[in-house]
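In my numbering, the protein residues as written are 4 to 75.
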């Protein structure tokens, strides 16, 4: 059930990003969902875009560190 819900959230986040591709908050949300689904590479790519859009936001750098850590 949780995976289906996450997939639904991903579809909504992708739709939001298509509508506003330079909205770093939407990109961050999509990055987090991809990370939760195990797509670490996509999560890193999206969060790097967030950093390019808003380099002053520490949260995005923390996310990048988190996404880049090896799996436990």
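Where is the CB? At the ideal position from N, CA and C, for every residue including glycine.
The alpha helix (DSSP H) spanning residue 30 covers which residue range?
-> 27-39
Inter-residue spacing [alpha-carbon to alpha-carbon] between residue 54 and residue 64 = 7 Å
Quick one: grab the DSSP three-state call for residue 44.
-> helix
Using three-state DSSP, classify residue 66 as helix, strand or coil.
-> helix
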